[in-house]
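Asker:
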């Protein structure tokens, strides 16, 4: 009984420990990449692309077919010379055969089709990488939203604790006749407002946790994330300009590589279309045999089956050459269409590069603006702290009304909230820029 009790406590403890596990940022990203439905769909598309390579390889191999047939005939024949009719005879027979064919040359169509299949696999991998990048950024944003909500909640709790202490001081001063009851009620009202802010921040934290849990497709019960050292953002930008980030990004972003492969694929389509101008050569081989059984009125004439096959065996080789002469300008039209498609792919590459450049320029500007906002919020908070310290001394000496004191305190609370908000906004936008530069490290 004691052993069972110890085992039960151990299981409950392990379950509690698991439910209270705090996920790291890397664990969250890995989990999202493992379970995301869009990623799973693209992985299936990748398997289809790999299967296309198998089909393209088959074009180089010969085609071999086996065949068999059988027939049953009944009846007699009439001899015009002797004017005699032969006895009714039943004849059963059949044939077996084996044939094969192979394309020796078709204008390199098979070779270029195989190359296109290989590009299809590479393109599918790049599509998968693009989705993985997008999901990773979503997770980073959701993760930081939780940390932002936690820090905002802690700040709200601190203000509420201060309000509770001020209520105690106000009650003491009211009982001593120093302040009127209205000041005490105002202090209690401020505390109630701060408590409401705590509840609001708790709800925001719960929502942030729910959003990330749903993104990871895990249960929200007991779900939490580990803290990371955001610290105080540096006043120095990580990169001198957006151009340096773009130069590092243009050679590694999957959408750019995908557009380059599209141009290469379009070039192969041109070659495939041109193959219709060239002659095609194919070879064939065949082997067949037959057998017969004559069923007479008084019995069956049976010959050895394998002897018949051997005696009737025939085989041969063949080849064919197909030279295109005129097909209503269809080949010309197909080649022209393929060339236009290649030009379209080239313009898409330039469009992708331009879009990436503009996105990075916007991200760099966002980081600069976020840093300025953070610096301004930091300076404002320092000023509000000094103002609050001065107002608290004046209020304690009776040189400031409670209403004016609450106004100063409200500005301090708003300044703290603005600093927290601007800090996490700057951190996330910096990580976005690091992502484009290839310097983002998930811990």
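In our numbering, the protein residues as written are 22 to 464.
All residues carry an ideal CB built from backbone N, CA and C; glycine is no exception.
#1: Per the DSSP calculation, residue 357 is bridged to which residue(s)?
#2: Is residue 426 helix, strand or coil by DSSP?
#3: Taking residue 191 as the reference, give the member of 114, 77, 418 with the closest Cα.
#4: Using DSSP bridges, identify the partner residues of residue 156.
#5: Apart from the five residues just before and just after residue 207, which ones in its own chain have a Cβ nearer than 6 angstroms to its Cβ?
#6: Could you work out which residue in 444, 135, 314 is closest to residue 74 when comparing CA atoms only?
#7: Mind reading off the beta-carbon distance from residue 237 to residue 445? Whole number of angstroms is fine, and I expect it under 8 angstroms.
#8: Determine which residues share a DSSP beta bridge with residue 245 and list them.
#9: Tell me the DSSP secondary structure of residue 236 in three-state form.
#10: Evaluate the contact criterion for the segment 446-464 versus the segment 257-273: three or more CB pairs, one atom per stretch, below 8 angstroms.
#11: On the CB-based measure, 16 or more other CB atoms within 10 Å of its CB, does residue 263 come out buried or exposed?
#12: Hey, quick one: how far does the beta strand (DSSP E) through residue 266 stretch, first residue to last?
#13: Taking the Cβ atom as the reference point for each residue, do residue 156 and residue 59 lie within a distance shorter than 9 angstroms?
#14: State the Cα-Cα distance for the pair residue 69 and residue 377, rounded to the nearest angstrom.
#15: Go ahead and pull the three-state DSSP assignment for residue 22.
#16: Alpha carbon to alpha carbon, how far is residue 225 from residue 150?
#17: Under a three-way DSSP split, which group does residue 191 fall into?
#18: Check this for me: beta carbons of residue 352 and residue 297, under 9 angstroms apart or not?
#19: My understanding is that residue 439 touches residue 384, with C-beta atoms under 8 angstroms, so please give their C-beta distance in whole angstroms.
#20: For residue 169, which residues in the same chain have their Cβ closer than 6 angstroms to its Cβ, ignoring the five residues on either side in sequence?
#21: Could you check whether residue 188 and residue 209 sit closer than 9 angstroms to each other, using their CB atoms as the reference points?
#22: With DSSP run on the structure shown, which of helix, strand or coil describes residue 286?
#23: Alpha carbon to alpha carbon, how far is residue 286 from residue 365? Give it in angstroms, no decimals.
#24: On the premise that residue 456 lies in contact with residue 158, defined as a C-beta separation below 8 angstroms, what is that separation, rounded to the nearest angstrom?
#25: Could you tell me if residue 336 is buried or exposed, where buried requires 16 or more neighbouring beta carbons within 10 angstroms of its beta carbon?
#26: If we count the other Cβ atoms within 10 Å of its Cβ and call it buried at 16 or more, is residue 62 buried or exposed?
#27: Look at residue 46 and residue 219 and say whether their C-beta atoms are less than 9 angstroms apart.
Answerer: To lay it out plainly:
#1: One-based indexing of the chain shown puts residue 357 at position 336. Beta-bridge pairing links residue 357 to no other residue.
#2: Working through the chain shown from its first residue, we reach residue 426 at position 405. Residue 426 falls in the helix class under three-state DSSP.
#3: Counting from 1 along the chain shown, the entry for residue 191 is found at position 170. Ranking 114, 77, 418 by Cα distance to residue 191 puts 418 first.
#4: Your numbering for residue 156 matches position 135 in the chain shown. Answer is none; residue 156 lacks a bridge partner.
#5: Walking along the chain shown from the start, residue 207 turns up at place 186. So the qualifying residues of the chain are 423.
#6: To locate residue 74, count along the chain shown from 1; it is residue 53. Comparing Cα-Cα distances from residue 74 to each of 444, 135, 314, the minimum goes to 135.
#7: Working through the chain shown from its first residue, we reach residue 237 at position 216. Working through the chain shown from its first residue, we reach residue 445 at position 424. Residue 237 to residue 445, Cβ: 20 angstroms. No contact.
#8: Translated into positions along the chain shown, residue 245 becomes position 224. Note: residue 245 sits in a beta bridge opposite 43.
#9: Numbered from 1 along the chain shown, position 215 holds the residue referred to as residue 236. DSSP places residue 236 in helix when its eight states are reduced to three.
#10: yes
#11: Taking the chain shown and counting its residues from 1, one reaches residue 263 at position 242. Buried, since its Cβ has 16 or more Cβ neighbours within 10 Å.
#12: Translated into positions along the chain shown, residue 266 becomes position 245. Element bounds for residue 266: not the beta strand (DSSP E) but the alpha helix (DSSP H), 263-270.
#13: Against the chain shown, residue 156 aligns to sequence position 135. Against the chain shown, residue 59 aligns to sequence position 38. Contact: yes.
#14: The residue you call residue 69 lines up with position 48 of the chain shown. The residue you call residue 377 lines up with position 356 of the chain shown. When rounded, the distance between both Cα atoms is 29 angstroms.
#15: Position 1 of the chain shown, counting from 1, holds the residue named residue 22. Its pLDDT being 43, under 50, residue 22 is placed unreliably in this model, and the value from its coordinates should be taken loosely. Taken through DSSP and simplified to helix, strand or coil, residue 22 comes out as coil.
#16: In the chain shown, residue 225 corresponds to position 204, counting from 1. In the chain shown, residue 150 corresponds to position 129, counting from 1. Between residue 225 and residue 150, the C-alpha separation is close to 32 angstroms.
#17: Along the chain shown, one-based indexing puts residue 191 at 170. Helix.
#18: As a working note, residue 352 is residue 331 in the chain shown. As a working note, residue 297 is residue 276 in the chain shown. Contact: yes.
#19: Stepping through the chain shown from its first residue, residue 439 is reached at position 418. Stepping through the chain shown from its first residue, residue 384 is reached at position 363. With 8 angstroms as the limit, residue 439 and residue 384 do not qualify as a contact, their Cβ atoms being about 22 angstroms apart.
#20: Taking the chain shown and counting its residues from 1, one reaches residue 169 at position 148. Counting only Cβ-Cβ distances below 6 angstroms, and skipping sequence neighbours, we find 445.
#21: Here residue 209 refers to the residue found at position 188 when the chain shown is read from its first residue. Here residue 188 refers to the residue found at position 167 when the chain shown is read from its first residue. A contact, by the Cβ cut-off of 9 angstroms.
#22: The sequence position of residue 286 within the chain shown is 265, counting from 1. It is helical.
#23: As a first step, residue 365 must be located in the chain shown, where it is residue number 344. As a first step, residue 286 must be located in the chain shown, where it is residue number 265. Residue 365 and residue 286: Cα-Cα distance of roughly 12 angstroms.
#24: Here the question's residue 158 lines up with position 137 in the chain shown. Here the question's residue 456 lines up with position 435 in the chain shown. Right, the Cβ-Cβ distance comes to about 6 angstroms (below 8 angstroms), so this counts as a contact.
#25: Here residue 336 refers to the residue found at position 315 when the chain shown is read from its first residue. Result: exposed.
#26: Looking up residue 62 in the chain shown gives position 41. Exposed, because fewer than 16 other Cβ atoms sit within 10 Å of the Cβ of residue 62.
#27: Residue numbering aside, residue 46 sits at position 25 when the chain shown is read from its first letter. Residue numbering aside, residue 219 sits at position 198 when the chain shown is read from its first letter. No, the pair does not count as a contact, with Cβ atoms beyond the cut-off.
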